[in-house]
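All remarks here apply to the structure that follows.
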Amino acid sequence: MSRPLTKNHIKSRIIAILGPTASGKSALAVCLGKQFNGEIISADSRQVYRGMDLGTGKITKQEMTGVPHHMLDVVSPKTVFDVARYQRMAHKAIKDILKRGKLPIVCGGTGLYIKAIVENPAYPEIKPDWKLRAHLSRLGGTSELFAMLKKLDPARAKMIDRHNPRRLVRAIEIIKHRVTSTWESNSQVMDPLYDTLLIGVEKSPEELKRTIFKRLRERIKKGMIAEVKKLHAQGVSWKRMAEIGLEYKYVALYLQGKLTKKELVETLNTKIWQYARRQMTWFRKTKGIAWIATPKQAEKLAQNFMRGVF
RNA sequence: GCGCAGGUGGCGGAGCGGUCAAUCGCACUUGACUGUAAAUCAAGCGCCCUUGUGGCUACGCAGGUUCGAAUCCUGCCCUGCGCA
C-alpha cells in the first residue's frame, strides 16, 4: 500500500466529531455539514452493517436532510468488519469528498476507527485468519496462548495483555504469517494525512444517563425488537448478535426467552451506560480534543478552523 | 396459633466452630486496547491509616457456651411456605 507524501504540501482540513453514545453527535454533524458544505463519514463500528438501524441509532434519510453520508450500510451483518477495512474505505471516501471540493466530517463513537483515520496508523498487512483463530480458541486458555506467543515473539509478549484472548490470538496470527520480522520491526507507524479539528461532545453523566434511557425506550417503541427478529430470520445467528453486542445481544436473549421484557430494558440500559463510560476512557487519553457543550461552540471552532485561525 | 425453612456486604448468593472483612456473580469506580473495539481484557470495591504478617466495626437484635462463633445454645424481632 503506497502512502501519499504529506511532508511537503499542506494537508487537507477535515473535522472529526466524537463523543459517547447518545451525546448528539449525528445532529451536530449534519448541522456543520450544511454550514460548511460538508459530507459525513460515519465512524461507527456497527452502523456499517446493513439492516442494523434502530439498534445502532443510525441516522435516517430524513434526518440527513440532504447531507450525504458515507460508511453506513457498507457490509452485511453476517460478515465481520474490521478497522483496517474501515481505514481503507474511509480514506477513499474522504479523498473523493475533497476532490469534489467539499469538507469531510468524520462523526462517530468508535474511538479506534476515528484514530484509524485521524492518526492513520499503519496496520500490518496480515488479514484475519479465521481458521487459525478457530484453532487457537479451541486450544485452551490464555495462559497457553501466552506461552505460545512468548516462544514465537518474545518482544510482543513482553508488552501484551496476557489475559486478553483477542490480543493474544491476533499477535500469534501476525507472527505466524510473518516468518522473518518480529514485533519490534513492525511497530505501528503513524502518518496523519489530514489537518484535523477534533470536536468532542461533552455531556454530564447524569444527562447522559437520562438520554440513554429515554432513547432506549424510544427505540423499543419504534420497533427495535422486530428489527432483530427480522435479522435473525434473514440468517444472522444469535451468536453473531451477541458479538455485535448491546441492543442486538440483549434483544436476542429476550427473543430466545432468556430475559423478560423488564430484565431486557434494565440490563440493556446499564450495559449501554457502561459502554458510554468505556468510550469516555478512550477519548480521555486522546490528545487535542476540543470539548464543547453546545452546537454554537462547535460552529465557532469550525469557523476558526476553516479560516486557519487558532 | 402450631409446623417447617430462612434472615450474611448496594443486590443475588456461598460459608455452617478457628487460616473470614467473609468463595462467587451482578452493580459500582478506575484503567488497558497495534485488523472482531457496542468487542475483548485488567485492577479496586466495610471503615481508618501513606505504609503493614496494621487498627477498628461487622454476618437480624439481645444474651450465653467456648481459648476462639457468621458458624453451637437461649430468648426476642422479621420474612416465606405448609397446617390450622
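The first sequence begins at 730 in my numbering and counts up one residue at a time. Ideal placement from N, C-alpha and C gives every residue a C-beta, glycine not left out.
Beyond the five residues adjoining it in sequence on each side, residue 942 comes within less than 7 Å, by CB distance, of 998 in the same chain, given in chain order.
Closest option to residue 1032, judged by alpha-carbon separation, among 868, 988, 762 and 749: 762.
In the three-state reduction of the DSSP assignment, residue 771 falls in the strand class. 8 Å or more divides the Cβ of residue 751 from the Cβ of residue 1022. Residue burial is scored here from C-beta neighbours: residue 995 has fewer than 16 other C-beta atoms within 10 angstroms and is therefore classed as exposed. Counting the other Cβ atoms within 10 Å of the Cβ of residue 840 gives 16 or more, which makes it buried. Taking C-alpha positions only, residue 765 is separated from residue 832 by approximately 7 Å. Counting only runs of 4+ residues, the alpha helix (DSSP H) found wholly inside the segment 877-903 occupies 883-888, in chain order. In terms of CA proximity to residue 836, 776 leads the group 975, 776, 790 and 935.
The criterion of a C-beta distance shorter than 8 Å is not satisfied by residue 930 and residue 801.
The shortest CA-to-CA distance from residue 865 to any of 883, 893 and 842 is the one to 893. With 16 or more other CB atoms across the displayed protein chains lying within 10 angstroms of its CB, residue 970 is buried. According to the DSSP secondary-structure assignment, residue 744 is paired through a beta bridge with 834 and 926. Residue pairing of residue 804 in beta bridges, as defined by DSSP: 778.
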